[in-house]
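A short worksheet on the structure shown next.
Protein chains in written order, with this note's numbering: chain A, 3 to 171; chain B, -9 to 524.
This is how it looks when you write it as structure tokens:
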């Protein structure tokens, strides 16, 4: 147990701080996100992530938003387990045809007002997979999309920027 | 090939019975190619299992009036590709799944995609096909258009015949395809009594994107990009396997410097994924300390990737003929610094984790996978290595740059989640040492004034030339088959992710565990959905 505490104490807080920014872009963005969220969502937005056919690359970077460096929750942005609790759907992948109904139902289950963010090149335009017998291509081909975050996959910083774009709308 | 290995004896044994196999080799002379009559397909597998051959991969191809069906076997690091032809008019083949459980889902995939009937198959329900195309059309036949004729909205696959259970107190829990976390989609059907799992059935195929179909007609560069997206967490592994297959087909040898850089990329990918998994395993038993520490270390590792290779996950760094980016001396120094730092951090972290009794309580004995089942399904990588399957392509069928180095293959013998956790840690340590050896060799190359090219010149392969790339990805052995058409175009690409063989083991290792332990059981195996569904 002592080793554990020692490691916690010696690691310290690695979250990239507002005042002594290692990565000032992140901090600047984060503050803006927070301000807009405060105004429109009383301090927080709840995100439901839906993989509608991605290669799992985007998921890895979305996961990174929760690591101690980005710690996106401090800005009031958090991930929830059900679309019924969500304000925002973060959708990745070209929409595979086998996921089409699941995505439509997830969209319907999300209460209004709701926003859809298409994450990654595949979600934006079909990417490497396009439209085929197995793929519907872009997310916009299946449900209405409010913001697109490009990248293969988008970096955690690009994801933060994209969320800002949504809230500025 | 040396007459000392088992293939000679086995071939003699087969040819002394009903077989008359003329041994040949795939380009590169690494993989033996044995052609047999389709009627003897199942019979061969019976002889093969007696000789303890491992069933590694299976796929088919459509060539006008016939289907070419392939099955890849391995023993002691030597691969044999078994091949037969079946008439496209009445495509039928006796199933090998009756002998090798590992072949089960692969044959179901081939059945759905080509319409080949595997007679005697123990479970011929559809697998990859849901409702995006009708029962009697087969997307991988050459006359099937890439666009298909999908309905405007593909309905859910409501009437899939799941296994049923009956009895007092038995209930079902359907989970997915949309899961609660940030994770790929798939469906799990549990039957439970109280908290205990009686049966688990996986239903995958939700992220089927038609990768095999859209690969057709691509150029080598374009195919490499696609291969890098078969499974986003294994972009280096799949891209390397596909490029290796294309290079064999084209008769190209990659420059030594490119091989070393590929090795550094592959080991880096292994480390990043294992760090992520080890944190996630701890997270699934609510040990957040470890999750935060490992995700911190993973982030640092990815940031160095971005600095040096221009991409956090290393996508598109491997290209046909070599690699896309060089490593400067400064970059090598940066990597070495990272290796030292990570080793130091882990030396502090792992004792703290090892001594944690609440974590021990959750991980030890949970998710037990017996060596017999692990062998029957041909499980690979950390799943197999934790259940007595001592195999690693890098050691047993070494390819450049692994043929120039020595390293220890990590093993654990308790067959539980803890074993799969610790084997990952050992693999990280081995990978760190490998990276150091590769960097040292890069420098030696510079000192010896070796050719410093990064990419061999591409030679357009002849029509019909083929290759089979086999590498050790971070999840285990990856195989990629390539056949070229005329004009530098891909005719067939089949990637076999290790997940295809590991997924069925999850159905077994969760039995008799409690439902709340399913997430950690699942994470300890961490199969790729995308790599499985293609």
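A virtual CB, placed ideally from N, CA and C, is assigned to each residue, including glycine. Only a predicted model underlies this, so the values are computations on that prediction, with no experimental measurement involved.
Item, Value
"Range of the contiguous beta strand (DSSP E) that encloses residue 165/B", "160 to 165"
"Cutoff 8 angstroms; reference residue 39/A; Cβ partners in own chain excluding five residues on either side", "45, 46, 47, 77, 78, 79 and 169"
"Between the CA atoms of residue 152/B and residue 155/A - distance to the nearest angstrom", "35 angstroms"
"Neighbour flag for residue 6/A against chain B, beta carbons, 8 angstroms", "yes"
"Collapsed DSSP secondary structure at residue 12/B in the structure displayed", "coil"
"Length of the line joining the Cα atoms of residue 111/A and residue 84/A", "9 angstroms"
"For residue 57/B: DSSP bridge partner residues", "52/B and 76/B"
"Buried or exposed by the 16-neighbour rule on C-beta atoms within 10 Å, applied to residue 2/B", "exposed"
"Alpha helix (DSSP H) segments (min. 4 residues) lying fully within the segment 364 to 440 of chain B", "371 to 375, 383 to 386 and 407 to 437"
"Partners in chain B for residue 77/A, counting only beta-carbon separations shorter than 7 angstroms", "Simply none; closest approach about 17 angstroms."
"Within 8 angstroms, strictly: CB atoms of residue 98/B and residue 117/B", "yes"
"Proximal residues, the segment 126 to 144 of chain A versus chain B, C-beta separation under 9 angstroms", "129, 130, 131, 132, 133, 134, 135, 136, 137, 138 and 144"
"Reduced DSSP secondary structure (H/G/I, E/B, other) of residue 466/B", "strand"
"Under 8 angstroms between C-beta atoms of residue 376/B and residue 399/B", "no"
"Any chain B beta carbon closer than 8 angstroms to residue 18/A", "no"
"Bridge partners - residue 126/B, DSSP secondary structure assignment", "DSSP lists no partner for residue 126/B."
"Residue 44/B - partner residues in DSSP beta bridges", "64/B"
"Test: residue 112/A CB closer than 8 angstroms to a CB of chain B", "no"
"Where residue 148/B falls, given that 16 or more other Cβ within 10 Å makes a residue buried", "exposed"
"Through-space distance from residue 524/B to residue 24/A, alpha-carbon basis", "In this predicted model, residue 24/A has a pLDDT of only 44, less than 50, meaning its place in the structure is not dependable; the value taken from the coordinates is given anyway. Each residue's alpha carbon lies about 40 angstroms from the other."
"Reduced DSSP category for residue 508/B - H, G, I as helix; E, B as strand; rest coil", "helix"
"8 angstroms Cβ cutoff, residue 98/A in contact with chain B", "yes"
"Cα-Cα separation, residue 122/A to residue 60/A", "7 angstroms"
"Extent of the continuous beta strand (DSSP E) run through residue 485/B", "480 to 486"
"Residue 256/B to residue 384/B span [Cα, whole Å]", "11 angstroms"
"The alpha helix (DSSP H) enclosing residue 341/B, as first and last residue numbers", "319 to 344"
"Under 8 angstroms between C-beta atoms of residue 498/B and residue 292/B", "no"
"Opening and closing residue of the alpha helix (DSSP H) in which residue 228/B lies", "225 to 240"
"Per-residue contacts from residue 77/B into chain A (C-beta, under 9 angstroms)", "Neighbours of residue 77/B on chain A: none; closest Cβ ~25 angstroms, over 9 angstroms."
"Residue 6/A (DSSP reduced to helix, strand or coil)", "helix"
"Three-state class that DSSP yields for residue 24/A in the structure shown", "Bear in mind that a pLDDT of 44 at residue 24/A, under 50, signals an unreliable position, so the number given afterwards is only what the model happens to contain. Coil."
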